[in-house]
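Residue numbers (the numbering used here): 151 to 459.
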């Protein structure tokens, strides 16, 4: 079969040997066109469009009417409602999917640090009957999850040894990983940082810890690339995200800022016009979106990605 190129290879992100100004100008023009297309003036917009960031899919609509009949579309599209009503216990999950004995036991007798949380939106994508469904396997625990075999490590990526201050992983000379939160809207069972979620003292949403992390970045002029991760940075409020981005923008040697997130996949409602408008101010900004399986590529997820483009 002849190979097809789906996407052209991207150029190296801007650095000392690339034209950052040109990249900034191009990113601004492209994003401005996207924003103009996605946000018509209020005078020409139907009232319903003021509330809904994008149209819900038939599957999502049917799921809401079956399991959340008292919830309006406005509430369903409110990312805070989705976040606050994440499914966390066996009774709530059993009302939506037919749990296997293995899944039920894991939910009733949890062990390990990683909690369970599944947004109602993402729950609508799970197979009701099949425990081997890829999406179900990724968010519903099983008993074997906490069995440790020879060679397994609590910190499989070895991040803790490269952490000079809380929240910073500095493994490569010119880039750092900045863990800004230990919260996700939906927890993946394969998470490589599951060790941090059950430790209350590890909470990264702390101004003092953020200041220490930023001071470390400021004091290291070789750092040109900062990847915001966690947890999921987009579970933070718009104000907190903007505070972080503005502080990083003020550091002269930081040329690249990236956000690692699964929010467009598990909580696309979070990609609001207000969030996008704020992010626009800090372009060029790279977004690394975590996708596990093709079944996650829904109309809602697609609309969220288009909005971010």
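The beta-carbon is built from N, C-alpha and C at its ideal position, and this holds for glycine as well.
Residue i versus residue j - alpha carbon distance
i: residue 273; j: residue 304; result: 28 Å
i: residue 331; j: residue 249; result: 31 Å
i: residue 209; j: residue 335; result: 21 Å
i: residue 204; j: residue 417; result: 13 Å
i: residue 227; j: residue 287; result: 25 Å
i: residue 381; j: residue 219; result: 31 Å
i: residue 435; j: residue 252; result: 42 Å
i: residue 299; j: residue 293; result: 14 Å
i: residue 206; j: residue 356; result: 35 Å
i: residue 370; j: residue 431; result: 25 Å
i: residue 359; j: residue 241; result: 37 Å
i: residue 270; j: residue 232; result: 6 Å
i: residue 223; j: residue 379; result: 30 Å
i: residue 275; j: residue 448; result: 9 Å
Pair within 7 Å by beta-carbon distance, residue i and residue j
i: residue 315; j: residue 362; result: yes
i: residue 398; j: residue 337; result: no
i: residue 408; j: residue 229; result: no
i: residue 426; j: residue 457; result: yes
i: residue 247; j: residue 289; result: no
i: residue 424; j: residue 388; result: yes
i: residue 443; j: residue 291; result: no
i: residue 428; j: residue 392; result: yes
i: residue 446; j: residue 415; result: yes
Exposed unless 16 or more other CB atoms sit within 10 angstroms - verdict on residue i
i: residue 453; result: buried
i: residue 245; result: exposed
i: residue 302; result: exposed
i: residue 256; result: buried
i: residue 343; result: buried
i: residue 243; result: buried
i: residue 234; result: exposed
Residues of its chain near residue i, where Cβ-Cβ distance is below 6 Å and the 5 sequence neighbours each way are ignored
i: residue 296; result: 261, 262
i: residue 321; result: 312
i: residue 440; result: 412
Residue(s) in a DSSP beta bridge with residue i
i: residue 436; result: 408
i: residue 325; result: 322, 375
i: residue 237; result: 268
Distance cut-off 6 Å: residue i Cβ against heavy atoms of the ligand MN
i: residue 361; result: Within the structure as shown, the ligand MN is missing, as the structure has no ligands at all.
Contacts around residue i, its chain only, beta-carbon distance under 8 Å, and the 5 residues preceding and following it disregarded
i: residue 367; result: 318, 326, 328, 373, 376, 398, 401, 404
i: residue 280; result: 286
i: residue 267; result: 236, 237, 238, 334, 335, 336, 337
i: residue 396; result: 432
Any chain B beta carbon closer than 7 Å to residue i
i: residue 331; result: No chain B appears in this structure, which consists of one protein chain only.
Sequence-distant residues of the same chain with beta carbon closer than 7 Å to residue i, five excluded per side
i: residue 221; result: 214
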